[in-house]
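Visitor: What follows is a single structure, and I will ask about it in a moment.
Numbering (the UniProt record's numbering), first residue to last: 1 to 300.
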């Protein structure tokens, strides 16, 4: 009986030490940090943003700070040169809250290669779909904010955040002024998960979804009919491109010209979400923080 109790104490010590050391939850293309307790994110006119861990959360190895770039191309020097850094600080006095949000934050960048349609989908929208899916409702916190890009994908982003009172918070921008404010969240994922080119791997966490789920999600976000894929029968008419009234395509001498992608942007600044904050990020990251409030971050 005594031996059993001793083994139990030893296991508890090992678990506690493992939590204090944290765990590498990054991969070969991205770095990110998952918390299960409150954070304070400082937005402002600077290119970078700062995240303060509170409630006694620690970084792996007892580090005082950790810097990452929330764009899944960390081995590409050009993409990283176009992506703002985020400084995650542990153990320091955090500034007072200006805005208190009741839903967790998902922090991502619209730097890198955004503006190219492939990279918009592959580097930003699919990774947010994978990362934010288990956390809805959540607040999307953007560094490298560009108004044209957020406006273009506003309907998709709002649905990614869970719709309703979800807010898009601007943390930094290279092209427009950002009001200095401290946004407080019950928890956060800083960075996004990336599986592969245009891929959703259902066996990798966070996820449990496939690229078909993403396709369905996009169609629902844009109110487009979802038609089954497959071969057309003989004599069937070729598929037509579904166009919204916001986009007009004209043909002239064999050339196609697109005109107009509109839409406003929901700027951060108010209280957000519903009462479902403080949900566990363990389900989202697979290797997320457990009891004890340890932040987990690393480099792949």
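Where is the CB? At the ideal position from N, CA and C, for every residue including glycine.
In this text, all values refer to a predicted model and were calculated from it rather than measured experimentally.
Pop quiz: residue 138 and residue 109 are said to be a contact at Cβ under 8 Å. What is the actual Cβ separation, rounded to whole angstroms?
Guide: Not a contact, Cβ separation roughly 16 Å.
Visitor: Count the other CB atoms, across all protein chains shown, that sit within 10 Å of the CB of residue 163; report buried if there are 16 or more and exposed otherwise.
Guide: By the 10 Å Cβ count, residue 163 comes out exposed.
Visitor: Report back the beta-carbon spacing between residue 29 and residue 75 to the nearest angstrom; my notes put them in contact at under 8 Å.
Guide: Right, the Cβ-Cβ distance comes to about 6 Å (below 8 Å), so this counts as a contact.
Visitor: Name the two residues that bound the continuous alpha helix (DSSP H) containing residue 79.
Guide: Taken as a continuous stretch (DSSP letters only), the alpha helix (DSSP H) holding residue 79 covers 77-81.
Visitor: Can you look up residue 192 in the DSSP assignment and give me helix, strand or coil?
Guide: Coil, per DSSP.
Visitor: Within this structure, are the beta carbons of residue 34 and residue 141 separated by less than 8 Å?
Guide: In this structure, residue 141 does not lie closer than 8 Å to residue 34 by Cβ.
Visitor: Can you check which of these residues, 189, 176, 194 and 120, is closest to residue 136 by C-alpha distance?
Guide: Checking every option, the nearest Cα to that of residue 136 belongs to 189.
Visitor: Smallest Cα separation from residue 83: which of 65, 58, 47 and 211?
Guide: Comparing Cα-Cα distances from residue 83 to each of 65, 58, 47 and 211, the minimum goes to 47.
Visitor: From residue 86 to residue 119, what distance separates their C-alpha atoms?
Guide: In a straight line, the C-alpha of residue 86 is about 21 Å away from that of residue 119.
Visitor: If you run the structure through DSSP and keep just helix, strand and coil, what is residue 219?
Guide: Correct three-state label for residue 219: helix.
Visitor: In the DSSP assignment, what are the bridge partners of residue 116?
Guide: According to DSSP, which records beta bridges pairwise, residue 116 is partnered with nothing at all.
Visitor: Would you please state the rounded distance, in angstroms, between the beta carbons of residue 191 and residue 31? I believe it to be under 8 Å.
Guide: Between residue 31 and residue 191 the Cβ distance is about 6 Å, and since that is below 8 Å, they are a contact.
Visitor: With respect to the beta strand (DSSP E) encompassing residue 316, which residues constitute its N-terminal and C-terminal limits?
Guide: The structure shown does not extend to residue 316, since the chain is modelled only from 1 through 300, so no value can be given for it.
Visitor: Cβ of residue 198 within 8 Å of Cβ of residue 121?
Guide: Against a cut-off of 8 Å, the Cβ pair of residue 121 and residue 198 comes out as a contact.
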